[in-house]
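*Asks:* Counting from 1 along the sequence shown, just add 1288 to a position and that's the residue number in this note's numbering.
Glycine included, every Cβ here is placed at the ideal spot set by N, Cα and C.
First the structure, which I've put down as structure tokens, then a few questions once you've had a look.
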Amino acid sequence: MARSREGQNFVYLEKVRDPTPIPNKTSELDDICFNPFDPRYFAICGYKRVSIYDSQESLCLVQSYVDQNEDEFYACAWAYDEGSKTTWLVVGGKDGIIKVLNPRSTLLEKELFSHGRDIYALRLHPVRFTLLFSASVDTTIRLWNLRSSVCIAIFGGHLGHEQSVVDIVINLSLLSTYLNI
């Protein structure tokens, strides 16, 4: 289920040419992801902040987002909708909600609700760039269609494993067998 940005406590902070671009404490950095659609940019997330950097301009901070709620961010990934030519930065963390940010408009476009606990990993489908996998403490991996905001599949259940899922590795040859790509 997706909600609009209205009434959300997610704040865009614009900082350009910040002289101290990357947090100096490792406790503030949980994930880093490079933009495969524009390799010039990468994002880091940690604590309540998500930041986008320009790697060709002396690692300058380009944009920063802060969640004023109690959410902490543990994972980030880039996604791309070829139809609308939109690049998204997708983040997840402590509250179990996936947040889809649009760096071009600087808006929180969508929130995806389904995980019951912390989200530890987000991984983009290697061929279909609007499909996203999420891994959670709730012992599941979920497959999302970012364009439609629909959870397509839940990998887990009462007969599955009983531990948190902390990472996802995608094997394209094995995946193509099941998803017919």
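Since T1428 contacts A1367 with CB under 8 Å, what's their CB separation in whole angstroms?
*Replies:* Not confirmed; about 20 Å, so no contact.
*Asks:* Let me make sure I understand the geometry here. Which of P1391, V1454, D1326 has the alpha-carbon closest to that of Q1351?
*Replies:* Checking every option, the nearest Cα to that of Q1351 belongs to P1391.
*Asks:* In this structure, how does DSSP classify E1450 when only helix, strand and coil are distinguished?
*Replies:* Looking at E1450 - three-state DSSP - the assignment turns out to be coil, as it is neither helix nor strand.
*Asks:* On a Cα-Cα basis, can you pick out the residue from V1457, R1416, R1435, P1324 that is closest to V1388?
*Replies:* Comparing Cα-Cα distances from V1388 to each of V1457, R1416, R1435, P1324, the minimum goes to R1435.
*Asks:* If you draw a straight line from the alpha carbon of K1373 to that of G1404, how long is it in whole angstroms?
*Replies:* Computed Cα separation, rounded: 31 Å.
*Asks:* With H, G and I counted as helix, E and B as strand and the rest as coil, what does DSSP make of E1345?
*Replies:* If DSSP states are grouped into helix, strand and coil, E1345 belongs with coil.
*Asks:* Comparing alpha-carbon positions, which option in Y1335, K1336, Y1341 lies nearest C1321?
*Replies:* If we check each option's Cα against that of C1321, Y1341 comes out closest.
*Asks:* Report the three-state DSSP secondary structure of L1460 (helix, strand or coil).
*Replies:* L1460: helix per DSSP, three-state reduction.
*Asks:* May I have a chain-ordered list of the beta strand (DSSP E) segments no shorter than 3 residues that lie completely inside the stretch 1364–1394?
*Replies:* Runs found: 1374–1381, 1385–1390.
*Asks:* Mind checking who V1415 pairs with in its DSSP beta bridge?
*Replies:* Per DSSP, none; premise fails for V1415.
*Asks:* Would the beta-carbon of Y1335 fall within 8 Å of that of A1363?
*Replies:* It is not a contact, given that the beta carbons lie outside the stated cut-off.
*Asks:* Applying the 10 Å Cβ sphere with the 16-neighbour rule, what's the burial state of V1438?
*Replies:* With fewer than 16 other Cβ atoms within 10 Å, it is exposed.
*Asks:* Do L1377 and A1331 have their beta-carbon atoms positioned less than 8 Å apart in this structure?
*Replies:* For A1331 and L1377, yes; Cβs fall inside 8 Å.
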